[in-house]
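**Student:** Quick note, the sequence shown lines up with residues 582 to 1346 if you use the working numbering. C-beta atoms are modelled at their ideal positions from N, C-alpha and C, and glycine is treated no differently. Model, not experiment: these values are computed from the prediction.
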Amino acid sequence: MTTAPWEKIDSGVIRNAISPDQLGNATITPDGSFEAGSYASFTLTYTAGIFGIDDSGSLRICFRFASDQSTPQFDDPKGANFCVVEASNGATLQVRWDPKANVRPWDRTLWIKVVKGYLKEGDRITIRFGVTDHGGPGMRLQTFCETTFEFRVLADPIATFNFQTLPVQPTIAIVPGAPERYIATIPTRRRPGETFALKIKGEDKWGNPSDRCDQIFKLEAVGPITGLPPEIRHKPGAFATTVEGLSVAEEADVEIRLRDATGAVVATSNPLRVKDASFVHFWGDLHGQSEETIGTGSAREYFAFARDRAFVDACGHQGNDFQITDAFWDELNQITKAFDAPGSFVALPGYEWSGNTSLGGDRNVYFPTEGRRIRRSSHALIEDHATLADDRTTAKELFEAFAKDEEFDVVCFAHCGGRYADIAVAHDGRFERSVEVHSSWGSFEWLLHDAFKLGYRVGVVTNSDGHKGRPGASYPGSGKFGAIGGLSCYLMPELNRTALLDCLRKRHHYGTTGGPGGRIIIDLTADFSAEATLYHDDPKLGPAEGKAATSATMGDIVHLPSGEMSVNVSLLTGSPIERVEIFNGAELTQTLRPFSEKDLGSRIRVLWEGAEYRGRFREVIWDGTAHLKGNEFVKSVPINFFNRDKALKSVAPDTLAWKSLTTGNFSGFDAWLADGQSGVLAIDTPLISCEIPVADIGIDSIVRDASGELPRFLQVFRLPDESRHRSFSFEAPVPIKASGDNPIYLRVTMEDGTRAWTSPIYVYR
582 MTTAPWEKID SGVIRNAISP DQLGNATITP DGSFEAGSYA SFTLTYTAGI
632 FGIDDSGSLR ICFRFASDQS TPQFDDPKGA NFCVVEASNG ATLQVRWDPK
682 ANVRPWDRTL WIKVVKGYLK EGDRITIRFG VTDHGGPGMR LQTFCETTFE
732 FRVLADPIAT FNFQTLPVQP TIAIVPGAPE RYIATIPTRR RPGETFALKI
782 KGEDKWGNPS DRCDQIFKLE AVGPITGLPP EIRHKPGAFA TTVEGLSVAE
832 EADVEIRLRD ATGAVVATSN PLRVKDASFV HFWGDLHGQS EETIGTGSAR
882 EYFAFARDRA FVDACGHQGN DFQITDAFWD ELNQITKAFD APGSFVALPG
932 YEWSGNTSLG GDRNVYFPTE GRRIRRSSHA LIEDHATLAD DRTTAKELFE
982 AFAKDEEFDV VCFAHCGGRY ADIAVAHDGR FERSVEVHSS WGSFEWLLHD
1032 AFKLGYRVGV VTNSDGHKGR PGASYPGSGK FGAIGGLSCY LMPELNRTAL
1082 LDCLRKRHHY GTTGGPGGRI IIDLTADFSA EATLYHDDPK LGPAEGKAAT
1132 SATMGDIVHL PSGEMSVNVS LLTGSPIERV EIFNGAELTQ TLRPFSEKDL
1182 GSRIRVLWEG AEYRGRFREV IWDGTAHLKG NEFVKSVPIN FFNRDKALKS
1232 VAPDTLAWKS LTTGNFSGFD AWLADGQSGV LAIDTPLISC EIPVADIGID
1282 SIVRDASGEL PRFLQVFRLP DESRHRSFSF EAPVPIKASG DNPIYLRVTM
1332 EDGTRAWTSP IYVYR
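(1) Please report how far the alpha carbon of Phe920 lies from the alpha carbon of Asn1077, in whole angstroms.
(2) Please state whether the Cβ-Cβ distance between Thr766 and Phe892 is less than 7 Å.
(3) Run through DSSP, which three-state label would Gln1258 get?
(4) In three-state terms, what does DSSP make of Ser939?
(5) How is the beta strand (DSSP E) around Cys993 delimited, first residue to last?
(6) Of the choices Arg1299, Pro805, Asp1119, whose alpha-carbon is the least far from that of Ser828?
(7) Note the first and the last residue of the continuous beta strand (DSSP E) segment covering Trp864.
(8) Within the continuous beta strand (DSSP E) that includes Gln915, where are the two ends?
(9) Taking the DSSP output, what are the residues bridged to Ser1132?
(10) Within the same chain, show all residues whose beta-carbon is closer than 6 Å to that of Trp910, passing over the 5 residues directly before and after it, in chain order.
(11) Whose C-beta lies closer than 7 Å to the C-beta of Tyr932 among residues of the same chain, with five residues either side of it excluded?
(12) Classify Leu1035 as helix, strand or coil using the three-state DSSP reduction.
(13) Just mark Ser592 as buried or exposed, buried being the case when its beta carbon has 16 or more other beta carbons within 10 Å.
(14) Once DSSP output is grouped into helix, strand and coil, what is the label at Pro1120?
(15) When DSSP labels each residue in this structure, what does Pro1157 get in the three-state scheme?
(16) Considering only residues of the same chain and omitting the five flanking positions on each side of Pro817, which have a CB-CB separation below 6 Å?
(17) Excluding the 5 residues preceding and the 5 following Asn1323 in the sequence, name in chain order all residues of the same chain whose CB lies nearer than 6 Å to its CB.
(18) Pick out whichever of Ala1125, Asn937, Asp866, Glu951 has its Cα sitting closest to the Cα of Arg1197.
(19) Kindly list the residues whose CB is nearer than 6 Å to the CB of Pro738, restricted to its own chain and excluding five residues on each side of it in sequence; keep chain order.
(20) Look up Asp794 in the DSSP assignment and say whether it is helix, strand or coil.
(21) Pop quiz: Gly869 and Ser1045 are said to be a contact at Cβ under 8 Å. What is the actual Cβ separation, rounded to whole angstroms?
(22) Inspect the beta-carbon positions of Thr1243 and Gly1279 and report whether they are closer than 7 Å.
(23) Taking 7 Å as the CB-CB limit, is Glu836 close to chain D?
(24) Using a Cβ-Cβ cut-off of 6 Å (strictly less than) and excluding sequence neighbours within five positions of Asp1009, which residues of its own chain qualify?
(25) Can you tell me the Cα-Cα spacing of Gln745 and Gly605, whole angstroms?
(26) Identify, in the order they occur along the chain, each residue of the same chain with its Cβ nearer than 7 Å to the Cβ of Asp679, setting aside the five sequence neighbours on each side.
(27) Just how far apart, CA to CA, sit Arg645 and Asp688?
(28) Quick one: using the 10 Å Cβ neighbour count with 16 as the cut-off for buried, is Gly952 buried or exposed?
(29) When the Cα of Ala598 is compared with those of Asn743, Lys694, Gly671, which residue comes out closest?
(30) Let me confirm a value: Gln650 is counted as buried when at least 16 other C-beta atoms fall within 10 Å, else exposed. Which label applies?
(31) I need the DSSP call for His1019, collapsed to helix, strand or coil.
(32) In angstroms, rounded to a whole number, what distance separates the CA positions of Leu1028 and Gly1321?
(33) Leaving out five residues before and five after Gly1053 in sequence, what residues of the same chain have Cβ atoms less than 6 Å from its Cβ?
(34) Exposed or buried, what is Cys1271 when buried is set at 16 or more other beta-carbons lying within 10 Å of its beta-carbon?
(35) Whole angstroms is fine: what's the gap from Asp1209's alpha carbon to Gly844's?
(36) Quick check: the segment 746 to 756 against the segment 607 to 623, are at least 3 beta-carbon pairs closer than 8 Å?
Now the structure itself:
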C-alpha cells in the first residue's frame, strides 16, 4: 500500500469534497512482486465508508496511460483477462471499461456503477482481475517494471459525480524476469590513451534490465585493448556490471566479446573507433517523462536508469508543462543539479512545451542552468495559478518571450508525439535548432522535410519520448508505441552541459532508432573544390560569424559560391549494413551498398513502412501473409517485430503469416528460398496485395505504394545470403543546385532494422 495525497484533480472537481477518511478503503490480494509481462490473478476489495455508495454512485479503478497491461473483459470466462465484479449485499452493478474515462495520467478506467440498490458502511464491492476458475490464464501484467504499480481507486459515494481518490491505494511491484540476452556497451569514439569502461547488463524478454543474472563471462578483446580482465562475474541482485580503466594506446577499431563457460559468444559490444580528433562521441536520450506527469517511476529513478542501466552519457526530463506544478518544477531542478556530473554524466534541465498542434504543437525546451522560468502552454492540470501570467499559449509567443528576455542560451526541438509540432505555424531558428525524427512513437522524417520546404536549417535528433521509466533503453512492449526509443550521438570535445548545448546549437549530431544495434559510428565530411564560408549560426536569421573553409561536417551551414562538393563517409556498425542513402533535401540522390549484384543469393527482404497520418492515431496495421507459389521458404527471420504478442510465423513450407503495425517506422522479414529464381511471391496485407515473380527480385527495391497523407509502402529486394559488411567507407560526388539550399544528409539502414540519420550539411550558392 502507498499513501497518496488528497488528489481532487483526478475528478477535475475542487469544491464540496468529503473528507478522505470517509471514502472507504481498498485492499488487494495477493500483493508483493510479480514478473513483468506475466499472467496473474488479483482480488481487489473495496469496503464502503460512512456514506456507503448511493443508488447511481460509482467506483473507478484506474491505471496509468503508459501501462500496456491487458484490458479487462467480461464475456469469455475461459479467455485471458476475464474480470468479475460483485457487491456483497447483492446490489446490481453496471461495469464497463473505458481507456479515457478519467483525468490523465490515470485515464485507463474500469467503471463500476450501482444501478439498483445501494451500499451501506462496511458493504463491499469485489473485483476479480484475471479469473482462472474456467481455465483462463489470468490477467497479463504490463511489460515494464514499476516498484509501486497502483490499482488506483476513486469513489463517488454520494452520486454527485465528484470522484475522489482514496487516501491509501492498493499496490504491487512489477519486477524483471530472467535475462534473455546480454548487452555489452562501450563508447563509440575516443582518443588514443583515453580510459573508458565496459558496461554489461542482462535484459528480460521485454527489455527490462534483469537483476536475476548469474553468469561468469570470459572477456575477449578484438583489437589492442589494455586493462581488460580475462573474466568477470555478473552477480544476482545486480542490474549491471562495469569494468573500468580500459584504454587503447593507438588508433584502431575495437570491440569486446563476452563468452560463456562453453566458449559461445553471448554478446558483442558496439564498435569503438579510437582516433586522434577534436571531437569524440557521447550518447544521449534527452526526451522522456516520469510518473509526476504521464510516465512511470519517479524523476529520480528516471535519471538513475539512464545513467546506470541504459548507459547513456546525457539525459533530459521533458514532462508535459501543463502537469508540472511549481513544486515539481523546483524538485526537478534539484534533481538535475544532483545528477549532473561533468565528465561522467549530463543531466539537462528542461520541460516539454505541450501546446495543441493548432497553436504550434509540442516543443522540447532545454536550459543550461537550473532556476529558469517555465513558460507553460497552459495550466490545464495545475490548480495553483500563481504563475499563470508566465504561460505562453502559442509556440510563436514562446519564442518571442525567449527573444524579449534575451534568453538566447535556450535550445529547443520540434517533435511529434501525441501532439505533433507544426513548424509552419511557428519556428524560430535562433532557439529551435533541430527536429526529432524518431522516438517511441515512430519515425517522422516528414518533419525534417517540412523544414526543408519552409527554408529552415535544422539538425536531426532522435530520442525516446519514453513513458515507461526507461530513458535510453525504451522498448515498446505490447502497447501502441510502435518503435524502440531513439538515441542521439553528440560530437563533443568533452562531456558537460556547456559542450552539449554548444553541440546542439551547431547541429553536430546524428540520431539512430536505438536498441542494442543503435550505437553506430558515422563519420561524415564534406569537401569542397573551392573556398567556402562556414557558419554555425544561420546567416539568414541575422549577423553570423563565418570562417573560410574547404570542408565541413554534419550540421554546418556553408556558402559555396563556386566549385564542387563531395562527401567522405566511413561507417562502423554492430550489424551488417544494408544501404546508405544520400539525400539533397527530400530528394534521394544516391544509394550505395557495401555489396554488389554479383553477391546476391537466395535471401529476399520484405519490408512495410509508414504512418496513417501525423496525429496520435497513426498506426498502420500490416497483418498479412506471404505465399510462395512454386517454391518454398527454407528459413525466415523477423525484422523490427518488437511486440511479443505480434509475431512472424511459418504456417506451411510455402506460407508465412504475421501480425505487425508501424507508426512511420518499418518492419518486415528476411526469407531464404529453396530456389532463388523460381516461383511467384504473393503478399497480402490490409493495405497492399501484390504478386512478384521471384526472378524479378534484385538489388533494387520493388515498391508497392499506398501513400496517403504520409508515405505507406511495401518494398521487396534481394540481399546476399550472408553479409559481413559492418564497415563501409566511400567518397561520392554530390551535385549542388545552382541556387538555394542543398541540405545534404545521410540515411543509413542496417540489416537488423536499425536506421540512422545525420544532421544535414546546408550548402548554398
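**Tutor:** So, to answer that:
(1) 12 Å
(2) yes
(3) coil
(4) helix
(5) 992 to 995
(6) Pro805
(7) 861 to 866
(8) Gln915 -> not in any beta strand (DSSP E); alpha helix (DSSP H) instead, spanning 907 to 920.
(9) Asp1108
(10) Ile955
(11) Gln899, Gly900, Asp902, Ile905, Val946, Ile955
(12) coil
(13) Annotation note: pLDDT 42 at Ser592 (below 50); position unreliable, coordinate value reported separately. Its Cβ being crowded by 16 or more others within 10 Å, Ser592 is buried.
(14) helix
(15) coil
(16) Asp795
(17) Asn1165, Ile1317, Val1344
(18) Asn937
(19) Phe632, Ile634, Gly638
(20) Residue identity differs from the one stated: residue 794 is Cys in this sequence, not Asp. Cys794 falls in the coil class under three-state DSSP.
(21) 5 Å
(22) no
(23) The displayed structure is made up of one protein chain only, and chain D is not part of it.
(24) Phe980
(25) 11 Å
(26) Thr690, Trp692
(27) 6 Å
(28) exposed
(29) Asn743
(30) buried
(31) strand
(32) 20 Å
(33) Asp866, Ala887, Ala891, Val893
(34) exposed
(35) Looking at the sequence itself, residue 1209 is Leu, so the reference to Asp does not match. Using only the alpha carbons, I get a separation of about 39 Å.
(36) yes
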